[in-house]
Amino acid sequence: MKICVLVKGVPPVGTERLGADGRIERTTLEPNGADEYVLERALQLAESAGAEVSLLTMGPESATDALRKGLAMGASSAVRVGDPRLAGTDLRGTVAVLAAALRRIGPDLILAGTDSSDGGAGVAGPAIAARLGLPCLVNASAIEVAAGSVTIRRPVAGGLETLRAPLPALVVGTQLLGEPRYPSLRGIMAARSRTIETWSLADLGLDAPAVSTIVTGSAVPPPRAGAEIVRGDAGAVADRILAFLDARGLP
Ligand SMILES: Cc1cc2nc3c(=O)[nH]c(=O)nc-3n(C[C@H](O)[C@H](O)[C@H](O)COP(=O)(O)OP(=O)(O)OC[C@H]3O[C@@H](n4cnc5c(N)ncnc54)[C@H](O)[C@@H]3O)c2cc1C
């Protein structure tokens with residue numbers, strides 16, 4: 501069985517910055533956190549059910565670092581769709597390109613994260629399933645595969661629901677799948693020399709996607725007024741806090 505995990509390369513959380521063009525700088529990328537959870541489950545299925553796990557990303561050259569971490573964790577192959585004409589692609593274009601790449605890979609099971617830490621639309625997975633005409637199971641906290649079908653469990657109001665769909669299918673998994681493993685030193689070393697395939701739009705038989713949603717502005721919110729940190733002797737600190745509250749008419 502072939503499992504393909506969608507791994508978006510995102511800036512390390514906490515380091516995100518808007519560049520001069522108003523877009524998030526993407527010089528250093530790592531695997532999107534939510535995608536590591538589904539990758540972990542894919543690797544477990546590879547171990548227990550003999551599945552083959554591939555990775556797919558669409559992104560700039562720096563996105564290969566995100567794929568390399570996935571290879572170090574245990575994935576067997578990785579593809580990056582990269583093309584200068586993809587810079588500035590919107591969600592619809594991203595979905596069209598990833599769907600075309602998935603048609604070429606032909607997995608039995610596609611796994612996606614719930615959302616990305618930079619874009620955060622939270623719809624790429626289901627939109628790809630719709631585009632490919634595949635069953636889509638979302639919010640999975642457990643994923644099992646057997647005899648041509650995938651079964652998930654997911655929390656719903658008042659309990660847990662179990663759903664099954666025939667393969668091929670797409671599943672969006674959550675952090676409840678379990679903690680992703682750390683890559684071993686051996687895995688990291690081996691991943692360094694692995695070949696990551698790069699596909700262009702031409703390789704996929706696609707034209708540059710038309711951008712239908714335009715980013716009309718982006719701004720860093722003004723810093724919030726600084727908090728006062730009171731340090732020192734407990735009595736003096738208590739006095740300062742009481743004075744602070746008193747000045748604001750608080751009890
Ligand atoms: C340089 C740049 C310019 C952009 N310009 C525009 C613009 O003009 N207009 C606009 O609307 N948007 C723009 N975007 C946003 C971009 O289109 C979104 O990042 C894309 O739509 C995916 O949405 P998301 O990150 O919110 O995905 P989500 O829906 O939050 O992602 C859910 C899951 O889908 C999978 N996934 C998502 N994206 C990828 C990927 N690239 N590769 C592999 N797996 C993936 C992952 O498993 C992820 O966990 C731009 C992005 C960049 C980097």
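Count the sequence shown with this note's numbering and you get residues 501 to 751, in order. Cβ atoms here follow ideal geometry from the backbone N, Cα and C, with glycine treated the same way.
Contact between Ile605 and Leu556 holds, since their C-beta atoms are separated by about 7 Å, short of 8 Å. Between Val507 and Leu567 a beta carbon distance of about 6 Å is seen, short of the 8 Å cut, so the two are scored as contacting.
Ser554 sits buried, since 16 or more C-beta atoms from the chains shown fall within 10 Å of its C-beta.
Restricting attention to Gly735, Val579, Ala596, Ala578, the CA atom closest to the CA of Leu586 is found in Ala596. Looking at the backbone, the Cα of Pro721 and that of Gly522 are separated by about 13 Å. Distances from the alpha-carbon of Met573 to those of Trp699, Tyr537, Val711, Ser617 put Tyr537 closest. Contact between Ala630 and Ser649 fails: their C-beta atoms lie close to 20 Å from each other, not under 8 Å. Between ligand 1 and Val711, a heavy atom-to-CB distance of less than 7 Å is present. Looking at the backbone, the Cα of Pro511 and that of Ala534 are separated by about 13 Å. Within the region 553 to 635, complete beta strand (DSSP E) segments of at least 3 residues are found at 577 to 581, 609 to 612, given in chain order. Within the same chain, and ignoring the five residues on either side of Glu697 in sequence, the residues whose Cβ sits closer than 6 Å to its Cβ are Val579. Looking at the DSSP output, Ile652 sits in a beta bridge with Ile643, Leu663. Annotated as distal: Ala601 and Ala612, with beta-carbon spacing of 8 Å or more. Restricting attention to Ala736, Ile524, Leu677, the CA atom closest to the CA of Gly620 is found in Ile524.
For Ile696, the three-state secondary structure derived from DSSP is coil.
Secondary structure remark: continuous beta strand (DSSP E) runs of at least 3 residues inside the region 709 to 748: none found. Between the alpha carbons of Ile729 and Arg740 lies a gap of roughly 10 Å.
Between ligand 1 and the CB of Asn532, the shortest heavy atom gap is smaller than 7 Å.
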